[in-house]
Amino acid sequence: MRNLTLLTDLYQLTMGQGYFNENKHEQLAVFDVFFRPNRLITYSVAAGMEQVAEYLEDLHFSEDDIAYLRSLGCFSEEFLAYLGGLRFTGDVMAVREGELVFPYEPILTVTAPMVQAQLVETAILTFVNHQTLIATKAAKIVDAAGGGVMEFGLRRAQGADAGIYGARAAMIGGCVGTSNVYAGKLFDVPVSGTMAHSWVMNFPSELEAFRAYARCFPDGCLLLVDTYDTLRSGVPHAIEVFRELRASGHEPKGIRLDSGDLAYLSKEARKMLDGAGFPDAIICASGDLDENSISSLKEQGAKIDSWGVGTKLITSADLPALGGVYKLAAVFENGAEIPKIKLSDTTEKITNPGVKALYRLYDGKTGKAVADYITRAGETVDGSKPLEIFHPVETWKRMTLKNFTVRDLRVPLVRNGKRVSPPVHVGRHAEYFRAEKARFWEEYTRRDMPHIYKVDLSPALYALKAEMVKGRGE
152 MRNLTLLTDL YQLTMGQGYF NENKHEQLAV FDVFFRPNRL ITYSVAAGME
202 QVAEYLEDLH FSEDDIAYLR SLGCFSEEFL AYLGGLRFTG DVMAVREGEL
252 VFPYEPILTV TAPMVQAQLV ETAILTFVNH QTLIATKAAK IVDAAGGGVM
302 EFGLRRAQGA DAGIYGARAA MIGGCVGTSN VYAGKLFDVP VSGTMAHSWV
352 MNFPSELEAF RAYARCFPDG CLLLVDTYDT LRSGVPHAIE VFRELRASGH
402 EPKGIRLDSG DLAYLSKEAR KMLDGAGFPD AIICASGDLD ENSISSLKEQ
452 GAKIDSWGVG TKLITSADLP ALGGVYKLAA VFENGAEIPK IKLSDTTEKI
502 TNPGVKALYR LYDGKTGKAV ADYITRAGET VDGSKPLEIF HPVETWKRMT
552 LKNFTVRDLR VPLVRNGKRV SPPVHVGRHA EYFRAEKARF WEEYTRRDMP
602 HIYKVDLSPA LYALKAEMVK GRGE
């Protein structure tokens with residue numbers, strides 16, 4: 152494992168020097184990770200928590216790290232000596248990977264001595280922002296396709312790590328495989344891929360290229376048919392090779408379309424394959440796809456069975472950054488909590504102060520999610536008693552729940568600097584996401600004009616926030 156301790160912004164360390172000088176470096180602090188609303192975000196799929204746990208467990212400054220920091224001329228020898236022995240000793244509460252989460256929710260909370268809590272901000276946001284973004288994009292693409300989506304984006308990712316961990320996140324969001332062999336090995340997930348146009352172009356004819364590939368992979372033969380002319384050349388040659396395969400005791404897998412009018416070509420190719428006696432041969436499509444183009448193709452009646460999605464998935468092209476933030480919520484002095492709040496002229500940027508808990512409320516009859524409920528730490532929510540919830544800004548919008556169940560959305564991720572549970576296979580996170588998404592009404596998760604899911608504050612948290620806003624944060 153790489154030592155990522157220096158994966159931080161310089162101001163985390165300059166603040167650390169200041170805290171050290173002011174004797175605040177060991178003060179217990181609480182920071183929340185959350186994201187703000189965006190017109191393209193209806194919900195997000197939490198991911199990256201595994202990498203947070205790995206990073207925190209391994210946090211340490213090597214001798215080379217300390218030597219580099221010394222060379223910057225910013226830090227005292229006393230502070231550098233302190234960093235030389237630093238390990239993460241704090242606690243982290245977080246939602247599970249694959250959890251559906253919404254704006255303003257504290258999806259991850261760090262409680263640690265101030266220098267530790269401040270130092271880890273940048274890396275935690277790097278892991279959670281990126282993977283949550285890609286898992287969310289994958290979920291929307293998979294939802295549009297109805298399944299059968301493969302992640303094909305490595306060559307278009309913004310760097311190797313983005314490709315590797317983007318593939319992991321895409322699997323959590325519902326992809327069934329990746330073209331990324333390194334990610335396949337690292338995360339033990341299915342890999343897929345057959346040929347490029349260069350294979351076809353490297354033989355005297357398209358037919359010879361197909362025959363060579365079939366000889367090499369007789370039981371997994373999926374042919375790329377759009378190198379020259381899809382319907383006049385590619386599909387007829389594929390059918391000829393499929394017949395030869397069948398005669399030798401093998402069945403073909405199918406064809407791939409990578410360009411052109413995918414709706415028209417897939418419908419015509421389906422007719423040709425079916426007419427030739429290959430109704431089980433699949434049609435895979437690739438080529439600059441996303442949830443919008445896939446939805447359009449399905450509306451046009453495209454006969455496509457699986458989808459290879461690359462650039463627009465791995466880069467989340469229409470929303471290239473999640474915008475998650477890491478904000479101080481409280482500090483402790485002599486064991487007493489002192490809530491903290493960030494104020495702004497923009498309502499959306501005012502934070503929720505204090506140590507908090509996060510619950511999901513489900514309708515007792517349908518089992519569907521009704522609202523999420525942010526409370527002060529220690530508050531209990533009793534599903535056997537009526538509960539009035541209200542909009543945190545437009546407070547006249549209220550409803551009373553009379554028959555509901557409650558679930559704490561967060562679990563311990565790290566305790567006293569050590570991860571609480573061993574790593575879980577990425578497939579388990581994907582299964583969890585599918586199960587939890589099924590507990591939401593489709594109106595909340597649909598792509599077009601979704602209902603806004605309720606995220607409300609308890610009266611105690613609302614009162615604390617109002618009091619601190621009135622007192623300008625004090």
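With my numbering, the residue at position 368 of the sequence shown is 519, and numbering never jumps.
Built from N, CA and C at the ideal position, the CB exists for glycine as well.
Leu234 counts as buried, since at least 16 other C-beta atoms from the protein chains shown sit within 10 angstroms of its C-beta.
In the three-state reduction of the DSSP assignment, Ser227 falls in the coil class, being assigned neither a helical nor a strand state. Around the beta carbon of Ala204, a 10 Å sphere encloses 16 or more other beta carbons of the protein chains shown; the residue is thus reported as buried. For a cut-off of 8 Å, the C-beta gap from Gly304 to Gly461 is around 4 Å, short enough to register as a contact. Using a Cβ distance threshold of 8 Å, Thr262 and Leu179 count as a contacting pair. In this structure, the beta-carbon distance from Met301 to Ser349 does not fall below 8 Å. Between Leu373 and Arg407, the C-beta gap is smaller than 8 Å, which places the two residues in contact. Boundaries of the alpha helix (DSSP H) harbouring Ile390: Val386 to Ala398, taken from the DSSP string. Check the Cα spacing between Tyr333 and each of Pro504, Ala318 and Ser222: the tightest is with Ala318.
In the structure shown, Arg561 falls within a strand segment according to DSSP collapsed to helix, strand and coil.
Distance from the CA of Val196 to the CA of Cys367, rounded to the nearest whole angstrom, comes to 40 Å. DSSP places Leu416 in the uninterrupted alpha helix (DSSP H) bounded by Leu413 to Gly426. A Cβ-Cβ distance of about 25 Å is found for the pair Asp431 and Ile292, leaving them out of contact under the 8 Å criterion. Following the DSSP letters along the chain, one finds Phe171 inside the alpha helix (DSSP H) bounded by residues Leu161 to Asn172. For Arg421, same chain residues with a beta-carbon under 8 Å away, outside a window of 5 residues either side, are Ile434 and Lys454 in chain order. Taking the CA atoms as reference points, Gly518 sits about 15 Å from Tyr595. Of all alpha-carbon atoms in Thr277, Arg590 and Leu284, the one lying nearest the alpha-carbon of Thr556 is that of Arg590. Residue environment: Trp458 is assigned as buried (16 or more neighbouring CB atoms within 10 Å of its CB, all protein chains considered). A Cβ-Cβ distance of about 7 Å is found for the pair His281 and Gly199, placing them in contact under the 8 Å criterion. DSSP lists Gly459 as the bridge partner or partners of Ser437. Residue state for Ala481 is assigned as strand, using DSSP reduced to three classes. At a Cβ-Cβ threshold of 8 Å, Gln269 and Gln163 count as neighbours. Annotated three-state conformation of Ser195 is strand, per DSSP. For Thr287, the uninterrupted alpha helix (DSSP H) run begins and ends at Glu272 to Ala296, by DSSP.
Looking at Phe186, Pro264 and Tyr255, the one whose alpha-carbon comes closest to that of Phe239 is Pro264.
Within the region 501–540, no run of alpha helix (DSSP H) reaches 4 residues while sitting entirely inside it.
Shortest Cα-Cα distance from Leu424 to any of Glu593, Ala522 and Lys404 involves Lys404. Using a 10 angstroms sphere on the CB of Gln267, the tally of other CB atoms reaches 16 or more, which defines it as buried. Annotation for Val300: no alpha helix (DSSP H) segment contains it, though the beta strand (DSSP E) segment containing it runs Val300 to Glu302. Closest option to Phe230, judged by alpha-carbon separation, among Arg585, Glu173 and Leu615: Glu173. In terms of Cβ geometry, Val376 and Val392 do not form a close pair [threshold 8 Å]. With contacts defined by Cβ atoms closer than 8 Å, Ile525 and Lys605 do not form a contacting pair. Runs of the beta strand (DSSP E) lying entirely within the region 558–616, each at least 3 residues long, are 561–566 and 605–608 in chain order. Taking Val476 as the centre and dropping the five residues before and after it, the same chain places the C-beta of Val184, Phe185, Phe186, Arg187 and Leu276 closer than 8 Å to its C-beta, in chain order.
Pairing Ser609 with Ser535, the inter-Cα distance amounts to about 17 Å. In the three-state scheme derived from DSSP, where H, G and I count as helix and E and B as strand, Thr497 is classed as coil.
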